[in-house]
Each structure stands twice: as C-alpha cells, then as structure tokens.
Amino acid sequence: MSVATDNRKAIQVYRRLLGYVKPYWHGFAFAAVGLIVVAATETGFAALMKPLLDGTFVEKDPEIISMMPLLLIGIFFIRGLAGFVSTYGMNWVGRNVIRDMRKEMFDHILRLPISFFDNTSSSHITIKLINHVEQIYAASTNVIAVVIRDTLSVIGLLGWMFYLNWKLALVFLTIGPVIAVLIRFISRRFSTISRNIQRSMGNVLHTVKEAIEGQRVVKIFGGRQYESAKFNTVNEYNRQQQMKMAVTNAMNAPVVQFVASFALALVVFLATDQSIMPDISVGTFMSIMAAMMLLMPALKRLTSINGPLQTGIVASQSVFALLDTPTEPDTGTVALPKAVGRLEYRDVSLRYPGYQEPALRDISFTVEPGETVAFVGRSGSGKSTLVNLLPRFYELTDGQILLDGHDIRDIPLQDLRNQMTLVTQQITLFNDTIANNIAYGKLGAVTREAIVAAAQAANAMEFIEKMPNGLDTLVGENGVLLSGGQRQRIAIARALLVDAPFLILDEATSALDTESERLVQTALENLMRQRTTLVIAHRLSTIEGADRIIVLDGGRIVENGTHQELLARGGHYARLYRMQFQDNHP
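For the sequence shown, my numbering assigns the number 184 to the initial residue and increments by one for each residue that follows.
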C-alpha cells in the first residue's frame, strides 16, 4: 500500500472521528479561543523582549521601565486563564465523544448477528470498547489542542521573526523540509507499531479470560505451566511492541530538535557577526532568540503528537471496522403481536460461511399449535442449528420458515422473538438479583407477585426462600453463587414468566438432580401443553411423551413419528434408544 493511499485513509478516518466532535462544537469553539489566546501570549512574550532590553537597559526609558513588570504579569495571567479554559473545554468535548462512541459501539454490538460472535473473541470486542476508545480520546483532544495552539504559536513566532529580520527568519525555515521527511517516516512506524500493540493487547486479554474462566479444567488437567507459558509469550510480545513504541517516541522529538539546532546555531552566528548584520540591536537579537527558543518546544510538541495521533487513527480504524460490521437483517414489515403457534419448515437448507458441506439439507416439517415436537440425533446432526433458525440466530441459505403462514424474514425481529422463549443447557444469568434474572424478559413490566408465581411454578421458591435476601439475592457472575440445578430452575422460571406462544427447550432438565428434575418436569409439562414446543433432546427418556419425534442425521430428516412408532420401525431412533438404555442400565 502506497504512502499516498495510507495518508488518504488516515485523513478519511480522522474526518469521521471529528464528526463525533461536531455536536459539541460550542465547547470546542470555547476551548479553541483559549488555545488561540495561549498561542498569542507566546508571540507576545517574544515581542516584549525587544522593548524590555532596548527600552530599559539601553535607552533607560522610565515609562517602559514602569510598564514592563505589569505587562509581564498581565501576559502570564492571561496565558494561565486561557490555558485553563482550553484544557477544560477540550476534556469536556473529549469525554462526551468517548461516551457517545462507547454507547454507539455497545448498541451496535447488541444488534450484531450470532455468527459474528461465533467468529470473534469476546476479548477482542472488549478491548475495542475499552482500550481502543480510550486511545481515540487522546487523538480527539490532546492532539487537536497541540495542533491549534502550537501551529498558531509557530506561525506567530515566525511572523515576528520575519518582522524583525527576514534574513534570520529565512535561515530557520530551511529546516522545514527535513523535519517533514522525518515526520513522514516516523508516522508510518508509529502506525505499524500501534496495530501490533492493539493485536497483542487483544491476545493478552483473551489468554487471561480463557485461563480465568477455565480454572477448573486448568487445575484438574495440570495446565498451570502451559497456561503460564502461553501468557508469557503474548505478554512478552506486547512488551516488545510497547518498547518499540517507547523508542520511537523517545527519538522523535530529540531528532527534530537536533535538526532545528543547526538553524538555531546558524542564526546565532549570523546575528552576532557585525560584518554581516551590523545594524541589529540587543533587543532585536534577544527577541529573535526568545522567539526561536519558544519555537523549539512548540516544534517538539507538534512532533510528539505523532505517536498518539497514529495510535488514535489505528484505534479509530479498529472501532469503525466494528461499527461498519453489518447488523442482523431486519427488514420485516408484517406485524405479529401474538402468534397462534403454527410452524412450517419448507425445504430449509443452511450452509455456514466458509464450510463446503451444508449443516442442514432440505428440511421440511409442520408443527401445529400446542404440539410438542422433539428433535433427536447424534452430536453434529443439526438439531441445535435447525432450532436456531426459528429466532433467526442464523439466516437460512435456501427454503422458507413460516410462522402462522408468514415467512419469518417478513416479520420484524423483535416481533418474531417476542413469540418465543428459550431454555438451554448453558444457562446465562446476569450478575443481578434473582428477581431481575427471572423478570429479564419483562423488565419494568412485571409485578413482584408474577415473579413469585413463576418461581413457584418452577419449584424454585424452596431454595430462594433460604437465600440471605430471598428474591433480592445477587447470583454472582453468570450465577456462580448458585448450583447448576438452581440456575436451571431460575431459567425455567424466566421462561414461565414470558407468555410466549413458542417454547424452545434444549434439554432443559439436564442439569437437575433426580429430585429437582421431578419437581420441574411437572411445571414444564403444564407449560408445554399451552404452547407450541420444540425440544432438542439428548436424553431420549425425557421426550417419550412428545407428540412427534423428528430424527436427524447428517443434516437431514431420516425419521419422523411418535416414540412407539419409531421404536417399532427399528431404525435410527431405536438404535439410539437402545444405546442409551444400555448405557444407563449396565
């Protein structure tokens, strides 16, 4: 990729970033005025050097002698006040930008399809939301402040030098092209290192997250040394990249200042040689020197922003890549307040991106309202995939799924998903109270009595009442403070509370002990009689009473019938049933 292309992309990204500043233009303008005043005081201070020396020490002018202390105090008072205004204003704008950007990212993440999360580490998403956005903060505040203040300072100081002696000022300008070449080279290096640092930080966070979440596996299989070595590798790589950034940062300003020192030395030589410049006064010389000495730190700050600027641009590219990821398609226009509960799959096929073999092939069946249909088959046969198509967690490749005669793609996503509730093997609970976890599907629209009723129907109140704060007990991260059976019953209570026509059960009683399973099974059976129920079954003994059992193998329907009918055929289902019966009865 050429330098010109890189520069164009960087400019486009920065323009898009500045678009987030636009709503806060009044605060930005307030800060910009302060920066302009600060820049003006630098030129003003250099300009004071001429009358300070010529008028006081050379000409002994009493009026200038009396005015000079007040002018010096005044200029620094104004500079301090303007500095506070500009710093506060820029930080106010920057923090508002970061808040808005994080909100937009979080809202966008919630609208992304399940397939995105299947292929993207949660750690890399988190690092974008937290770390990369914080890097953008520096690029949207500090960098802009330095550019405005120090660019104006450089222009003002150079203008003053040209006013005093254009020949000496011209000497200082000769370093401009050299500095421009240096900055271009350093910018490309900053950009490359910033990308490496971002990737390495994502890898560090991912490694830590896996080790923490998998502590039981790590401990039981003796993986401590392996995990430690893996972490050391990614951590060391991150250190190396950070040191490369530190070296580049450390060399940036000194190299530029070293180049500028040649021009400074030449100006001093020419100004002090009476044969070359015989007419220059002490005040003029010192004013030029003051301007040049103020130019040096301004140039240093301008070149020092290169690092955070390139880091911010790379971080912006990462954030905008997430924001540009397509969300779930939601173009449905057929409103569906409450479905009757009739479901039809017509020649449905699904092929996951990147896979040659389809996960589902020509699936067709019909489920009548109130009917319970179970899906069974070996692992990888397509059971979960088939059911996941109904709430449009994945988009089918061919065919149609009809809900009450409507193609589910014609129904708005929220309307579609309001028609169903879900209980899976992998229970997701939030670090909140038991009550809020049960009421999650109807937060803000459910009474305490309804929550209690749902908990009682799921036979969860018997353990909830023993909790320190009852329904107001915090469950910990993903319900870590509860047993597996308790988590399962809370999830079932949550499903009971949502009055949806469709119920999806993914072996909802698998985590329960014998007593808990008996208590919950009755509540589930009552719930299933009133709803169209799809059951993903692993333990075949739990679905013997289903109205129909659909057997899948290799992504196809190979058998369809009741428990007794399928056993009598002696096919796939009968073999699976016999295998489980033998496993359970040695």
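In this text, a Cβ means the ideal position worked out from N, Cα and C, and glycines have one as well.
If distances are taken between C-alpha atoms only, which option among the options comes closest to residue i?
i    : options                : result
T604 : P509, S487, L478, R714 : R714
L472 : K205, A230, Y760, G754 : Rather than Leu, the amino acid found at residue 472 in this sequence is Met. The candidate whose alpha carbon is nearest that of M472 is A230.
M426 : N379, K649, M644       : N379
E708 : A720, I726, H721       : I726
L533 : T568, I673, A321, P252 : T568
A757 : G738, A481, I732, R739 : I732
S298 : D682, M762, L579       : L579
Q129 : A474, I496, E554       : The structure shown does not extend to residue 129, since the chain spans only 184 to 769, so no value can be given for it.
V204 : D513, R525, G272, A412 : G272
R525 : I591, L312, A676       : I591
K233 : V465, A429, R294       : V465
G560 : L388, N386, E554, I719 : I719
I687 : F259, N601, Y197       : N601
A640 : D545, T226, L679       : L679
S305 : H389, F260, R282, I673 : H389
M428 : S470, S444, L492, M475 : L492
I129 : A214, L293, P206, L253 : Any property of residue 129 remains undetermined from this structure, which presents the chain solely from 184 to 769.
T467 : I584, I488, L293, F345 : F345
I621 : S499, I673, P252, A643 : I673
V556 : E660, L717, V391       : L717
R332 : I219, I675, P651       : I219
R422 : A412, S383, T549       : S383
Let's see if you can read the secondary structure: which residues bound the beta strand (DSSP E) around residue i?
i    : result
V734 : 731-736
Y577 : Segment: none, Y577 is in no beta strand (DSSP E) and carries neither H nor E.
F548 : 543-550
N601 : No beta strand (DSSP E) contains N601, which DSSP labels as neither H nor E.
D530 : 526-533
I740 : 739-744
A557 : 555-560
L688 : 685-689
Counting C-beta neighbours from all protein chains within 10 Å, is the total for residue i 16 or more, i.e. buried, or is it exposed?
i    : result
V606 : buried
H768 : Note that H768 scores a pLDDT of 45, beneath 50, so its modelled location is shaky and nothing firm can be said.
N302 : exposed
V311 : Here residue 311 is Lys; the residue named in the question, Val, does not match the sequence. Classification of K311: buried, given that the 10 Å Cβ count is 16 or more.
G162 : Residue 162 cannot be examined here, being either before or after the span of the chain that is shown, 184 to 769.
L255 : exposed
Y538 : exposed
V430 : exposed
K286 : exposed
D530 : exposed
F373 : buried
Y409 : exposed
F558 : buried
G277 : buried
Nearest-angstrom Cα distance between residue i and residue j?
i    : j    : result
G202 : P541 : 43 Å
L599 : P520 : 9 Å
T324 : R199 : 15 Å
M184 : I376 : Note that M184 scores a pLDDT of 48, beneath 50, so its modelled location is shaky; the value from the coordinates is reported in the next line. The straight-line gap from Cα to Cα measures roughly 16 Å.
L749 : Y528 : 21 Å
S132 : A212 : In this structure the chain extends from 184 to 769, so residue 132 is not present and cannot be described.
L543 : R739 : 6 Å
G266 : H209 : 17 Å
T630 : G515 : 32 Å
V438 : L340 : 21 Å
D581 : P574 : 16 Å
H755 : R761 : 10 Å
N614 : L482 : 51 Å
G668 : V734 : 28 Å
R191 : Y197 : 10 Å
R432 : M284 : Residue identity differs from the one stated: residue 432 is Asn in this sequence, not Arg. Using only the alpha carbons, I get a separation of about 27 Å.
L478 : N274 : 25 Å
T357 : A474 : 16 Å
L759 : A729 : 16 Å
G565 : D736 : 7 Å
Y577 : P296 : 7 Å
V221 : L293 : 44 Å
V658 : L665 : 7 Å
Under DSSP, the alpha helix (DSSP H) around residue i begins and ends at which residues?
i    : result
M232 : 208-234
L340 : 325-347
N302 : 297-302
L723 : No alpha helix (DSSP H) contains L723, which DSSP labels as neither H nor E.
G667 : 667-680
A636 : 631-640
F646 : 644-647
Between residue i and chain D, is there a C-beta pair that is closer than 7 Å?
i    : result
R714 : The structure shown has no chain D; it contains just one protein chain.
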